[in-house]
Structure formats: C-alpha cells, structure tokens
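Below is one structure, written out as structure tokens; comments come after it.
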Amino acid sequence: SIVLLKMNWGAVVQFVRNGLCCIKDLEILKDSFLWDESHVVNYVYELPPPLNKTTPLEVMIGITQFYAFCTVTYAGLKSLFGLGYWKQQRIDRLVSTIMSSNNSNSNSNSNNNSNNNNNPT
4 SIVLLKMNWG AVVQFVRNGL CCIKDLEILK DSFLWDESHV VNYVYELPPP
54 LNKTTPLEVM IGITQFYAFC TVTYAGLKSL FGLGYWKQQR IDRLVSTIMS
104 SNNSNSNSNS NNNSNNNNNP T
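Under this note's numbering, the first residue of the sequence shown carries the number 4, and numbering increases by one thereafter.
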C-alpha cells in the first residue's frame with residue numbers, strides 16, 4: 004500500500020483501464036459477472052434500448068475513461084490559466100528558435116551541395 008501512495012493515481016487508473024480493455028478484447032472471464040448485462044440493471048432503474056446491453060466491464064472501462072478525461076482536462080486548464088501559460092510561451096519561443104536554426108542549417112547545406120555539384124573533381 005505504501006507503493007500505491009507514492010505512485011501517480013493517473014498511472015494506476017491507466018493500468019487498471021488497460022487491464023479491463025485486455026479482458027474485454029481477449030474475452031477473458033466470460034463466465035463471470037463482468038459480462039452479465041443483468042448486473043447493471045440491478046443498480047440502474049431502466050436504461051434505453053442500446054444501453055440496456057451494457058455490461059459491468061464496460062461500465063468500469065467507462066468510469067476509468069471518464070477519470071482520464073477529467074484529469075487531462077484539469078491539467079490543460081491549469082496549464083492555460085496558471086503559470087503554465089508562461090511555460091507554454093517559453094516552449095513556443097524555444098521551438099521557433101530551433102526551427103529557424105534548422106531552416107538556416109538546411110539552407111546552408113543545400114547551398115554547399117549545389118556548389119559541390121558545380122565543381123568537378
């Protein structure tokens with residue numbers, strides 16, 4: 004339990020979600036309650052026709068997907084409205100500088116190559 008306290012909860016939820024998706028894709032534990040549609044109806048009064056075929060496994064996958072959506076949205080908003088905005092500006096300037104230096108290097112390389120092609124050896 005100490006290891007779980009030190010881990011990032013996003014990583015734990017992602018691991019669980021990947022495990023649940025593997026169970027669904029590989030159709031493991033077909034005889035368990037995870038695949039029984041009647042268990043969802045026990046907890047929810049009545050669902051419309053496409054949703055009444057939802058299994059507990061799909062509900063658990065949906066919950067973990069929603070957690071991922073919420074945490075990524077929160078991180079994005081925090082980045083936009085917090086100090087992350089200035090960090091984004093620094094990253095943008097850094098990428099612009101690298102791109103302009105790469106463009107100038109490629110232009111000088113193409114000029115050198117054209118000069119080399121004109122000079123016979």
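No residue lacks a Cβ here, since even glycine has one placed at the ideal position from N, Cα and C.
None of the values given here were measured: they were computed from a predicted structure.
In the displayed model, D95 falls within a helix according to three-state DSSP.
Distance between D95 and Y88, taken at the CA atoms: about 10 Å. The straight-line gap separating the alpha-carbon atoms of N55 and L80 is approximately 35 Å.
G13 sits in a helix when the DSSP states are folded into three classes.
Residue nearest to K27 within the set V62, P51, L83, S41 is V62 (criterion: CA-CA distance). The C-alpha of E30 is placed about 47 Å away from the C-alpha of L97.
Each residue's CA atom was taken as its position, placing T58 and S103 some 53 Å apart.
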